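J.: Quick one: the structure is below, questions incoming.
Numbering (my numbering), first residue to last: 2 to 160.
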């Protein structure tokens with residue numbers, strides 16, 4: 002997909018933290034040499050094209066007291082993955098839910114991240130999710146330490 006210089010400028014700006022102001026798009030407009038209404042129109046166009054899916058905040062979960070998380074590996078029959086995946090993704094404690102292609106010798110094909118205030122609450126929540134969904138074959142990998150956390154930044158070049 003080809004992007005205009007104006008689109009590229011807005012895409013780059015949207016990948017950064019939005020200014021904590023009542024009119025963040027006005028500040029983006031000033032930085033990109035556009036008017037606020039032009040930036041907003043470009044954002045709507047990029048959303049309509051499917052380039053921008055959503056704009057949302059990312060919370061610093063540790064600052065909110067969410068100090069434990071776990072990667073949970075679930076063994077789900079392939080034909081049930083769409084149904085079970087939707088059920089798992091509906092739990093508010095689950096922030097990521099991925100179906101992955103795995104080697105034939107590997108049992109676990111559905112992966113989720115579960116978050117809670119502490120390790121025990123995380124384990125309790127996972128047990129509750131397993132009970133509610135009827136899933137019994139799973140493994141839990143509790144995070145020990147956060148080594149890197151960042152949002153992805155796409156470097157889009159002109160065609």
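We put the CB at the ideal spot given by N, CA and C, even for glycine. The structure presented is a predicted model; accordingly, all values stated were derived computationally and were not measured.
Where does residue 96 sit, in a helix, a strand or coil, going by DSSP?
T.: strand
J.: What residue from 58, 121, 130, 75 has the CA that sits closest to residue 103's CA?
T.: 75
J.: What's the gap between the Cα of residue 136 and the Cα of residue 80?
T.: Those two C-alpha atoms are separated by around 14 Å.
J.: Tell me which residues share the same chain as residue 139 and place their Cβ nearer than 8 Å to its Cβ, disregarding the 5 neighbours each side in the sequence.
T.: 73, 74, 75, 76, 109, 127, 131
J.: Who are the Cβ neighbours of residue 14 in its own chain at under 7 Å, not counting the five residues just before and after it?
T.: 29, 32, 33
J.: Apart from the five residues on each side of it in sequence, which residues of its chain come closer than 7 Å, Cβ to Cβ, to residue 155?
T.: So the qualifying residues of the chain are 16.
J.: Apply the 10 Å Cβ neighbour rule to residue 99 and answer buried if 16 or more other Cβ atoms are within range, or exposed otherwise.
T.: With a 10 Å radius around the Cβ and a threshold of 16 neighbouring Cβ atoms, residue 99 comes out exposed.
J.: Per DSSP, residue 75 forms a beta bridge with which residues?
T.: According to DSSP, residue 75 bridges with 111, 139.
J.: Buried or exposed: where does residue 106 fall if 16 or more other Cβ atoms within 10 Å of its Cβ makes it buried?
T.: A residue is called buried when at least 16 other Cβ atoms come within 10 angstroms of its Cβ; residue 106 does not meet this threshold and is exposed.
J.: Within this structure, are the beta carbons of residue 112 and residue 101 separated by less than 7 Å?
T.: Yes, Cβ-Cβ distance for residue 112 and residue 101 is below 7 Å.
J.: Roughly how many angstroms separate the alpha carbons of residue 87 and residue 93, rounded to a whole number?
T.: 12 Å
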